[in-house]
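Structure, as structure tokens:
In our numbering, the protein residues as written are 1 to 671.
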């Protein structure tokens, strides 16, 4: 009789477990019936807890599973289900702990690794999430070779993993699991183009491969290809509309294409369900700031700090508004966090930049510089930069782009005159110029677009950039110009004939602009080199300005930039219009009229009232351009000149010739 009862109980438990996926409500009732007969039966409690979560009552599931986990500390499935309940309740840190316990007890559980990765994404631990997703892949494959490759991938033996995967794919070119793993490896190495191609092939072979689609969306987003990523995120959300990771990714992608209202709405929706996520509050604050909701952005950043007091980026985000001053208590808190030897580098460097700004605001310039320099040094270590490469690229550009070069390439390129490029050194007034032009009814500001650098990378991919640039046919130049225009279309929200790309680094690509967009306007935003370089030095940029964290690098970069602009002034006189920031401050109307004349635009009084124009602004000057023009910052660098001798030495003659008056050879020079 005991054996029969045991058999009946096992059958009932198996049936209840099987029902969880197909009909969780029926599984719930089945588990309750079992518990009436066998009170406290652990497997029935597990099914009941999971079923409560699946029918929308994760709190009841948690109440059942927490004591069960305490009583069954080595039951991986219990910790997994508890983690899922905690995740559904927005208790992310506790969910991470439970899921780590589950994966530690049962490392071959792909579901637990995937759930852990999703929760780590919410905490902002991208590296930890990548590791969890790699373990998910390892637990999902059963082919012996792929198991070896997955193990190597998880142990960061990337060369071994790559060899195994490439050899396997030679024999099995359509193995989507192997393709996805190779894409994961490419992502780890920063080879995003290769990863993108692998994942595209995965989805071509297996359109329903959700894991590959998620990876594909992330890879596209990391390359700032948000327009391409969004349809894939939408497909993921169609399957799992409440998945917080998918929603968070969608909000971030929408922000990159200027859909700030939608992004803000998604962040608010996620935060209603997961209010204890400091990194999401931080991202929400960034979106609010860009949309011009400064007070709400400040509140979001402060909320983030209240939940994660060590979060350096939140402090820096407040400092970076340029309008907020820290209290003595906030300064003391930052100092205490910096004294923590276990503080990670990312938090540490952000705190140094933020504390530098706080000390500068109250006139303690010596200690402010120490913090700026320490933060910059940490950032320099994270983002290697080779100044010699920039100098060599400048030399090769000036050698290639001669008058003769352009004269024999006077055909080809897109015919559109819509683009306006604002180039120069960061922190030289480019956002102000964009705001002025965007206040004209014919012009739309679309901020810093990633498309021209991407086109340049693609030209140079697999060969020498300058050689391949010189070899472009008229048709190829036209195709590339149209490619830029098509990519920019998603950023254009207004029906205006002209739009602005204010990526400052496009000064390196003026020759390319002329070849593929010969009718585009180019504006060089220029500022006194000491003011521009020091302003860049004390600014922590999110990405792309790796030359700005060392005073010598900055001076050399500025000299190379001047040389390149002077060269184009000589070979294409009048092609680039220069706006000197100091002149703009001293006689705004004169400079604005000259700028509009260059752009072929009639004068519009709104350009002088630029601060009244309501539009999203994503750069560090977002709050400054929402105020009238002011003179206070022109000579501010002089407060720090005692510590700027390395910058002066690196700038050399640029300190005298920076305005560009006759700094290159005369007009009759053979070029």
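Don't be surprised by glycine CBs; every beta carbon is placed ideally from N, CA and C.
Residue 331 and residue 359 have their C-alpha atoms spaced approximately 9 Å apart. Residue 421 is bridged by DSSP to 501 and 522. Put simply, the backbone Cα of residue 325 is about 35 Å away from that of residue 595.
Here the stretch 373 to 387 makes no contact with the stretch 447 to 456; the two share fewer than three CB pairs at distances below 8 Å. For residue 578, the three-state secondary structure derived from DSSP is strand. As the crow flies, the alpha-carbon of residue 280 is around 35 Å from that of residue 637. Here the C-alpha atom of residue 192 lies approximately 11 Å from the C-alpha atom of residue 215. Bounds of any alpha helix (DSSP H) do not take in residue 445; it lies within the beta strand (DSSP E) bounded by 443 to 445. Secondary structure of residue 372 (DSSP, three-state): helix. Assignment of residue 339 by DSSP, reduced to helix, strand and coil, places it in the coil class. Annotated three-state conformation of residue 302 is helix, per DSSP. By the criterion of a C-beta distance shorter than 7 Å, residue 472 is surrounded in its chain by 515, once the five residues flanking it on both sides are discounted. Residue 579 has its alpha-carbon roughly 10 Å from the corresponding atom of residue 659. The straight-line gap separating the alpha-carbon atoms of residue 560 and residue 651 is approximately 10 Å. Inclusion of residue 50 and residue 61 in the CB contact set at 8 Å is warranted, their separation being smaller than that value. A residue is called buried once 16 or more other Cβ atoms fall within 10 Å of its Cβ, and residue 56, having fewer, is exposed.
A Cβ-Cβ distance of about 27 Å is found for the pair residue 498 and residue 570, leaving them out of contact under the 8 Å criterion.
For the stretch 100 to 174, the full-length alpha helix (DSSP H) segments reaching 4 residues or more read 110 to 123, 126 to 140, 144 to 154 and 158 to 171 along the chain. It is roughly 7 Å from the alpha-carbon of residue 224 to the alpha-carbon of residue 256.
Three or more Cβ pairs closer than 8 Å define a contact, and the stretch 383 to 395 falls short of that threshold against the stretch 479 to 493. Counting only the Cα atoms, residue 105 lies some 24 Å from residue 145.
Looking at the backbone, the Cα of residue 45 and that of residue 87 are separated by about 19 Å. A distance below 8 Å between beta-carbons, with the five flanking residues on each side excluded, links residue 338 to the following residues of its chain, in chain order: 348, 351, 352 and 355.
Considering only 420, 127, 564 and 98, the residue with the shortest C-alpha distance to residue 392 is 564.
Ranking 506, 611, 237 and 361 by CA distance to the CA of residue 323 puts 361 first. If one requires a minimum length of 3 residues, the beta strand (DSSP E) runs lying completely within the stretch 518 to 570 are 521 to 526, in chain order. The DSSP-derived three-state label of residue 494 is coil.
Collapsing the DSSP output to three states places residue 467 in a helix. In the three-state DSSP reduction, residue 604 falls in the coil class, being neither helix nor strand. For residue 422, same chain residues with a beta-carbon under 7 Å away, outside a window of 5 residues either side, are 430, 433, 434, 500, 502, 523 and 525 in chain order. Residue 34 counts as buried, since at least 16 other C-beta atoms from the protein chains shown sit within 10 angstroms of its C-beta.
Burial check for residue 408: the Cβ neighbour count within 10 Å stays below 16, so the residue is exposed. With distances taken between CA atoms, residue 54 lies nearest to 81 out of 487, 81, 445 and 259.
In this structure, the beta-carbon distance from residue 260 to residue 283 does not fall below 8 Å. The alpha carbon of residue 245 has as its nearest neighbour, out of 73, 114, 405 and 17, the alpha carbon of 114. Between residue 657 and residue 530, the alpha-carbon positions lie close to 13 Å from each other.
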